[in-house]
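Here the structure comes first, spelled out in structure tokens, and everything after it is commentary.
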Amino acid sequence: MSNGIVKIATRESYGNALAELGDEFKDFLVLDADLAGATKTSVFKKKFPERHIDCGIAEANMTGIAAGIATTGTPVFISSFAMFASGRNFEQVRNSIGYPHLNVKIGATHAGITVGEDGATHQCIEDLALMRVIPGMTVIVPSDDTEAKAAVRAALLKEGPVYMRFGRAAVPVINDPANYKFEIGKAVKLKDGKDISIFACGVCVAEALEAAKLLEADGISAEVINVHTIKPLDEETIIASASKTGRVFTVEEHSIIGGLGSAVAECLTSADLPNNTKITRIGVNDEFGQSGKAAELLKFYKLDAQSIYERIKNS
Amino acid sequence: MTDIELKTTAAKVREGIVTAVFSAASGHPGGSLSAADMYTYLFFEEMNIDPKNPRDPKRDRFVLSKGHTSPGYYSALANRGFFPVEDLKTFRKLGSYLQGHPCMNETPGVDMSSGSLGQGLSAATGMALAGKLKGEDYRVYTLLGDGEIQEGQIWEAAMFAGAHKLDNLTVIVDNNDLQIDGRVADVCNIYPIDKKFEAFNFNVINIDGHDFAQIRDAFAKARETKGMPTAIIMKTTKGKGVSFMEDNAGWHGKAPNAEEYEKAIAEIRSAI
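In the order they appear, the protein sequences are chains A and B.
Per the numbering used here: the first sequence = residues 201 to 515.
Per the numbering used here: the second sequence = residues 290 to 561.
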């Protein structure tokens, strides 16, 4: 997939977007927990050192600090790896940010198995489940550089808590920065199709698009929809596509429990669908990850284009 | 206010605490009563607040880190005029704006939602940091339980506040020596409290939390202290002012029955 296509990690997009937005919006602050170089908030820090606060290796406190700042009317971004931003921090996010509905944006990087060599302890495949269950939380999983930058801007403009999931590994730019319009809660149809619906998010969107091409060659017309917002879910678009095809696949770099697949399944249980409509959730099965290169891991956990194609073809 | 006036007001705050918990048949009287004198001093004497403008950006802030003692917080706010004292009887009831634990979006005068122990100091520290960054001169106060400081996040926040020299932050530890399972030293020893905060670069003041002269003096010293946050460690008696509740962990989270309620109210009123 790297035949001349530009590839950028969405964590890079996050840092760049913060630095760009810093000029336009003078008030927001950015907090990190000793990972500024990795989460890329260092890009913002370089430009606006007085608006970046490194809280040290204390994510729970960082989250509470952000909550306290937000009560004074200043929007705050907090950043760490997804494992810590959502996992270690779950109850701080829930009680100090979610319950009071404070204006804190969580920029969670290094999500999913494509963290790579660090292995299972750092491969967060549970964050979407943890974050979307919090009332009033917006959950966004950008698929590429274009969308990630647009998402950061949209998050800042939206009042209230937002969780954004970014990746460590470089991924192809699939959305045209000149024409792409991002709206929180509005899924994007990337390819029309009539036989099956593929709902994907994050790094799996590009893989799903490639898989759809392979399916097309076999005479299977796949509709590919980028569900970049897990919450609020674009139920209208999802139900419309599922009603048309009657065969649904979800693809995500997350546990098949609680993430995009679960959200889509929950949505479709209450929809009027054709008889025998079937949903297949493709993701990381109920297991932990392991060390390896990002691309190897996508293959191993069968989330690369070829594996997605084979899974759909054989189902 | 004179010390006599503060004592009279504290008695009203205590009456509100017992009434709220009795009406709810639920809640935490012990730690509310131990901090009643502190609540009174904070909301009637120390803090720059206006019941008519509870969200004034220039106001002093308070975070009740030990959020389960909301009856004390609510009673002080009600007596200070933020909402009717009569409404304390709706505490913990369905549909009430006086939730079991403080909710900033429900209750006038509440600056931060709290109650999950260990989190309030971080929020207060964030408020203090924001004040510094914006050049505002408001002050931030937070009340911690002594058992609460067993939570690790308290020390993450203390380290941050000390490192950032947040001299607009005053942390008060209600050292009533009891937590649900017994004496704090027996459950998991927290002592020495003062030396811990000193090690985290705090200005530390030890006082008797039922002596208004000492409370007054401690806050004056906190205001004068530059370049470091202040921790006021106040020795108190859990259940203070209701003799049968005093120094008894059993009254941490238990409501009085009707007979006990009458007895408690009579004792509080007789102290005025």
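Where a beta carbon is used, it is the ideal one built from N, C-alpha and C, also for glycine.
Enumerate in chain order the residues of its own chain whose CB-to-CB distance from B:T414 is below 7 Å, with the five nearest sequence positions on each side excluded.
A446, F449, A450, L455, L458
Taking C-alpha atoms, which residue in A:V206, A:K245, A:A209, A:G316 lies nearest to A:Y220?
Before going further, note that residue 220 of chain A is Glu rather than Tyr in the sequence given. It is A:K245 whose Cα lies nearest to the Cα of A:E220.
Complete runs of the beta strand (DSSP E) confined to the stretch 433-487 of chain B [at least 3 residues]:
458-464
Name the one or two DSSP bridge partners that B:D376 has.
DSSP, once it has assigned bridges, lists no residue as partnering B:D376.
Considering Cα atoms alone, identify which of A:A351, A:I482, A:F500 is closest to A:I216.
Correcting the residue type first, residue 216 of chain A is Asn in the shown sequence and not Ile. It is A:A351 whose Cα lies nearest to the Cα of A:N216.
When burial is assigned at 16 or more other CB atoms within 10 Å of the CB, is A:M201 buried or exposed?
In this predicted model, A:M201 has a pLDDT of only 44, less than 50, meaning its place in the structure is not dependable; the value taken from the coordinates is given anyway. By the 10 Å Cβ count, A:M201 comes out exposed.
Which of the three DSSP states is assigned to A:L229 in this structure?
strand
List in chain order: all unbroken alpha helix (DSSP H) runs of 4+ residues lying wholly within the stretch 207-266 of chain A.
210-224, 236-239, 241-247
Indicate whether at least one CB of chain B lies closer than 9 Å to the CB of A:A440.
no
Straight-line CA distance for B:E487 to A:E224?
42 Å
With 9 Å as the C-beta to C-beta threshold (strictly closer), list the residues of the stretch 375-386 of chain B near chain A in chain order.
none
Hey, does B:L410 have any beta-carbon neighbour from chain A nearer than 9 Å?
yes
Distance, Cα to Cα, B:F372 vs B:A314?
21 Å
Pick from B:G407, B:G530, B:N464, B:I479 that is closest to B:N495, judged by C-alpha positions:
B:N464
Buried or exposed: which applies to A:S470, given that a residue is buried once 16 or more other Cβ atoms fall within 10 Å of its Cβ?
exposed
Does chain B have any CB closer than 9 Å to the CB of A:D234?
no
Looking at chain B, is there any beta carbon in it that lies within less than 9 Å of the beta carbon of A:H322?
no
Round the Cβ separation of B:V462 and B:A520 to the nearest angstrom and send it over; I've been treating them as touching at under 8 Å.
7 Å
Taking only beta-carbon positions, decide if A:E250 is within less than 9 Å of chain B.
yes
Return no unless some Cβ of chain B is closer than 9 Å to the Cβ of A:E291.
yes
Identity of the residue in B:Q468, B:D466, B:P518 nearest B:N490 by Cα
B:P518
At a Cβ threshold of 9 Å, is A:D318 touching chain B?
no
For B:T396, count neighbouring C-beta atoms within 10 Å of its own C-beta (all shown protein chains included) and say buried if the count is 16 or more, exposed if not.
buried
Please list the partners that B:M416 has in chain A, where partner means a Cβ-to-Cβ separation under 8 Å.
G268, I269, T271, T272
Inter-residue Cα distance where the pair is B:D435 and B:L467
8 Å
Have a look at A:E416 and A:A422 and give me their C-alpha separation to the nearest angstrom.
7 Å
Compare the C-beta of B:K423 with all C-beta atoms of chain A and state if any pair is closer than 9 Å.
yes
Are there 16 or more other CB atoms within 10 angstroms of the CB of A:E487, so buried, or fewer, so exposed?
exposed
Kindly list the residues whose CB is nearer than 8 Å to the CB of A:I208, restricted to its own chain and excluding five residues on each side of it in sequence; keep chain order.
D344, D345, A370, V371, V373
Hey, is A:C401's beta-carbon within less than 9 Å of any beta-carbon in chain B?
no
Closest residue to A:T239 among A:F277, A:L414, A:A329, A:V403 (Cα-Cα distance):
A:F277
Quick check on the burial criterion: 16 or more other C-beta atoms within 10 angstroms. Buried or exposed for B:C477?
exposed
Measuring CB to CB, does A:E407 end up less than 9 Å from A:L330?
no
Can the beta-carbon of A:N485 be found closer than 9 Å to that of A:S515?
no
Quick check on this structure: which residue in A:R481, A:K493, A:G461, A:T445 has the alpha carbon closest to the alpha carbon of A:L473?
A:T445
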